[in-house]
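Only one structure is covered here, and it is reproduced in the block below.
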Amino acid sequence: QCYHKAQYAATRISMIPGYQIVGEKPFFKEFVVRCPAPVHVIKDYLLMEWGIVAGYDLVDDYPELGECLLLCVTEMNTRQEIDDLVEALASVAEMVEDMELELVRELEDVR
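In my numbering, the protein residues as written are -14 to 96.
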C-alpha cells in the first residue's frame, strides 16, 4: 500500500508545472521533489494555508540539489490527503507563475 500511494503521489506531483521528481531509481515510500520556489516558503504556506505538514527541506543537507523537498507517503496517508497536497502544491506553482509573469511585464516596461 505504501508503494502504490507513494507512486500515485509522485506521479501527480510530477504533472504540476515547476515540480520534478529527482532521480530515476525506484523508491518505496520516500522520494525527492525539486520545487519551483524556496522549500521553506512552500512548507510555511502549506502549513499556514492548508494545514499540511510537508516533508523535509533538503537544501541545508544537500545544497547541490537546489530547492528540493523529501516527501514520505505511507499507508497512514489517505488518497484525499495526497490529493490535497497535490492541490496545494499546484496553487504554489500558480502563484510562482503569476509572479514570473508580473516580473516579465515589469522588465518589459523598463525597456
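Glycine residues also receive a C-beta, built at the ideal position from the N, C-alpha and C atoms.
- Are there 16 or more other CB atoms within 10 angstroms of the CB of K(-10), so buried, or fewer, so exposed? Against the sequence shown, residue -10 aligns to sequence position 5. K(-10) sits buried, since 16 or more C-beta atoms from the chains shown fall within 10 Å of its C-beta.
*Spatially closest choice to V7 from V18, I(-2) and E72, by CA coordinates*: Stepping through the sequence shown from its first residue, residue 7 is reached at position 22. Answer by Cα proximity: V18.
Three-state class that DSSP yields for V77 in the structure shown:
The residue labelled residue 77 in the question sits at position 92 within the sequence shown. Residue state, collapsed to three classes: helix.
If P23 and V81 are in contact, beta carbons under 8 Å, what's the gap, nearest whole angstrom? One-based indexing of the sequence shown puts residue 23 at position 38. One-based indexing of the sequence shown puts residue 81 at position 96. Not a contact, Cβ separation roughly 10 Å.
Point to revise | Q(-14) to R90 span [Cα, whole Å] | key: The count along the sequence shown starts at 1 and reaches residue -14 at position 1. The count along the sequence shown starts at 1 and reaches residue 90 at position 105. The alpha-carbon of Q(-14) is positioned some 47 Å away from that of R90.
Discussion item. Counting C-beta neighbours from all protein chains within 10 Å, is the total for L54 16 or more, i.e. buried, or is it exposed?
Written reply: Position 69 of the sequence shown, counting from 1, holds the residue named residue 54. By the 10 Å Cβ count, L54 comes out buried.
Checklist entry - For the alpha helix (DSSP H) that I6 lies in, which residues bound it at each end? => result Here residue 6 corresponds to residue number 21 of the sequence shown, with the count starting at 1. Looking at the DSSP string, I6 is not in any alpha helix (DSSP H); the run it does join, the beta strand (DSSP E), is Q5 to V7.
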